[in-house]
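Numbering (the working numbering), first residue to last: 1 to 363.
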Amino acid sequence: MSDYRKEQEVAIEAVRRASLITQKVLQTSISSLTKSDKSPVTVGDFSAQAIINAILAKHFSDDKIVGEEDADDLRSKDADKVALKEKVIGLVNEGLMAEGADQLEKPLSETEILEAIDKGNCQGGVKGRMWTLDPIDGTKGFLRGGQYAVCLALIVDGEVRLGVMGCPNLPIDKSAKKPQEGNLDEVKQRDDLGVIFVASEGKGAFQRPLHATSSTQLTPIKTREITPEILSKASFCESVEAGHSSQGTNAKIAEFLGISSPSVRMDSQAKYASVARGDGDIYLRLPVGDGSYQEKIWDHAAGCLIVTEAGGKVSDAKGRPLDFSIGRTLKNNKGVVAAHASVHAKVIEAVRKALEEEGRGHL
Ligand SMILES: Nc1ncnc2c1ncn2[C@@H]1O[C@H](COP(=O)(O)OS(=O)(=O)O)[C@@H](OP(=O)(O)O)[C@H]1O
Ligand SMILES: [Mg+2]
Ligand SMILES: [Mg+2]
Ligand SMILES: [Mg+2]
Numbered sequence: 001m002s003d004y005r006k007e008q009e010v011a012i013e014a015v016r017r018a019s020l021i022t023q024k025v026l027q028t029s030i031s032s033l034t035k036s037d038k039s040p041v042t043v044g045d046f047s048a049q050a051i052i053n054a055i056l057a058k059h060f061s062d063d064k065i066v067g068e069e070d071a072d073d074l075r076s077k078d079a080d081k082v083a084l085k086e087k088v089i090g091l092v093n094e095g096l097m098a099e100g101a102d103q104l105e106k107p108l109s110e111t112e113i114l115e116a117i118d119k120g121n122c123q124g125g126v127k128g129r130m131w132t133l134d135p136i137d138g139t140k141g142f143l144r145g146g147q148y149a150v151c152l153a154l155i156v157d158g159e160v161r162l163g164v165m166g167c168p169n170l171p172i173d174k175s176a177k178k179p180q181e182g183n184l185d186e187v188k189q190r191d192d193l194g195v196i197f198v199a200s201e202g203k204g205a206f207q208r209p210l211h212a213t214s215s216t217q218l219t220p221i222k223t224r225e226i227t228p229e230i231l232s233k234a235s236f237c238e239s240v241e242a243g244h245s246s247q248g249t250n251a252k253i254a255e256f257l258g259i260s261s262p263s264v265r266m267d268s269q270a271k272y273a274s275v276a277r278g279d280g281d282i283y284l285r286l287p288v289g290d291g292s293y294q295e296k297i298w299d300h301a302a303g304c305l306i307v308t309e310a311g312g313k314v315s316d317a318k319g320r321p322l323d324f325s326i327g328r329t330l331k332n333n334k335g336v337v338a339a340h341a342s343v344h345a346k347v348i349e350a351v352r353k354a355l356e357e358e359g360r361g362h363l
């Protein structure tokens, strides 16, 4: 097994710088536009993607990047988009020139920034080294002051080897109260928020405060011990957006497992982070409708490794491992189930029953 020490160090620094810039956006104003698929993208998403891609390109110039965003909208002559691009240029240079490792001496040009964003155009695949980046996962959450995550993972020959995730709105201390969902003022004011989660294949999972310097010690994290006997006491989390996973199916699964407490609804891969550090036990993401939506690799790669390395198990709805080797999507998988390894099989059995009852057993 390779040691990805250098990659880990660079990825943490890239995610740290990008996460701090998204926090700055949150503290000031969030300009956004709507993409052709009707989903939102903000000045924070573009800036974070440019910062991370520029740092990756500097250290690993031969690596490919599968990133969510592209710079097409920023090349538009439309006045709103030109104004948004100007903000992105300012934020990217602020993020890259801030003190610390990888500090840039001289600002990047507009062309360099747009090119950095477009470095995320790789189509994925089974061979070689590629990073996958979700510069802001849970953009809708970001806009409403909810949870969001800056997610970066290294995939080598189709397997996730390294995952780094910045969660600027999660408390450093898992037992501290999470900010109230959508309370933008609360997340602006609290100074105990901001965590980076890290996992490297075979080396365990860790967290560290976002605001610390990069030499800060990583603290190990573990999923909560939950045996089949106490499964009914488990807490499960799901998406805030009803269109992103079937909340009705999730509720039925919880009922089959004897879980009576309501789900914790949270945007983004912060759900994986919560399960990984034992602040939640099960993450359910069951497909909606006919299950035709294909999950994107950047929505799961970092979170999947972080949960696995913390002692959990991640699979699709049928219990199959997620296959990151076939392009930009997880087209061989339907849905996602993450849980403590000792109860994962029981959860999958409940998923099968629930989908069959709905006449969706084929999914
Ligand atoms: N129909 C459908 N089904 C499943 N997933 C979808 C769907 N549409 C979008 N997306 C992706 O959901 C990502 C955000 O997931 P979340 O779990 O954070 O959703 S939620 O905001 O809590 O509802 C979101 O990631 P970001 O775009 O990075 O926010 C999307 O990639
Ligand atoms: Mg996403
Ligand atoms: Mg995103
Ligand atoms: Mg998006």
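Just so it is clear, CB atoms sit at the ideal spot from N, CA and C, and this is done for glycine as well.
Start and end residues, beta strand (DSSP E) containing residue i
i	result
Cys122	Where Cys122 is concerned, there is no enclosing beta strand (DSSP E), given that its DSSP letter is neither H nor E.
Ser2	Taken as a continuous stretch (DSSP letters only), Ser2 belongs to no beta strand (DSSP E), as it is neither H nor E.
Val150	149 to 156
Leu184	Where Leu184 is concerned, there is no enclosing beta strand (DSSP E), although the alpha helix (DSSP H) it sits in stretches over 184 to 189.
Ile221	219 to 221
Gln207	205 to 209
Glu238	236 to 238
Ile196	193 to 200
Glu181	Looking at the DSSP string, Glu181 is not in any beta strand (DSSP E), and its letter there is neither H nor E.
Gly243	Unbroken run through Gly243: none, as it is neither H nor E.
Pro168	159 to 171
CA-to-CA distance, residue j to residue i, given in whole angstroms
i	j	result
Gly194	Leu330	29 Å
Thr139	Arg352	31 Å
Leu363	Cys167	31 Å
Pro228	Gln27	44 Å
Ile196	Glu255	33 Å
Ser76	Ala83	10 Å
Val314	Lys252	20 Å
Tyr272	Asp37	25 Å
Asp290	Arg360	8 Å
Gly107	Met97	Looking at the sequence itself, residue 107 is Pro, so the reference to Gly does not match. Cα-Cα distance, rounded: 7 Å.
His340	Glu99	39 Å
Gln180	Ala153	29 Å
Arg161	Ser200	6 Å
Asp192	Ile51	25 Å
Gly163	Ile297	12 Å
Glu357	Leu284	17 Å
Lys129	Ser325	Note that residue 129 is Arg in the sequence shown, not Lys. Near 11 Å, if we compare the C-alpha coordinates of Ser325 and Arg129.
Glu69	Ser268	16 Å
Glu241	Asp279	21 Å
Leu91	Thr34	20 Å
Ala18	Ala302	16 Å
Ala57	Glu115	11 Å
Thr219	Arg208	6 Å
Gly202	Cys237	26 Å
Val150	Arg190	19 Å
Ile226	Gly258	14 Å
Gln247	Asp72	34 Å
Lys318	Glu94	45 Å
Range of the contiguous alpha helix (DSSP H) that encloses residue i
i	result
Glu13	5 to 27
Val88	79 to 97
Leu143	139 to 143
Glu255	247 to 256
Residue burial classification, residue i (beta-carbon count within 10 angstroms, cutoff 16)
i	result
Ile230	exposed
Asp62	exposed
Glu7	buried
Arg16	buried
Ala176	exposed
Arg364	Given a span of 1 to 363 for the chain in the structure shown, any question on residue 364 remains unanswerable.
Thr111	exposed
Arg5	exposed
Gly243	exposed
Asp118	buried
Gln123	exposed
Thr213	exposed
Thr249	buried
Lys233	exposed
Val126	exposed
Thr132	buried
Gln103	exposed
Gln217	exposed
Gln147	buried
Ser239	buried
Ala79	exposed
Entirely enclosed beta strand (DSSP E) segments - the stretch 258 to 346, minimum 3 residues: 282 to 285, 312 to 315, 336 to 340
Completely contained beta strand (DSSP E) runs for the stretch 32 to 69, where each covers 3 or more residues: 32 to 34, 40 to 42, 64 to 67
Pocket of ligand 2 (residues with CB nearer than 5 Å to any heavy atom), chain order: Asp134, Asp137, Asp299
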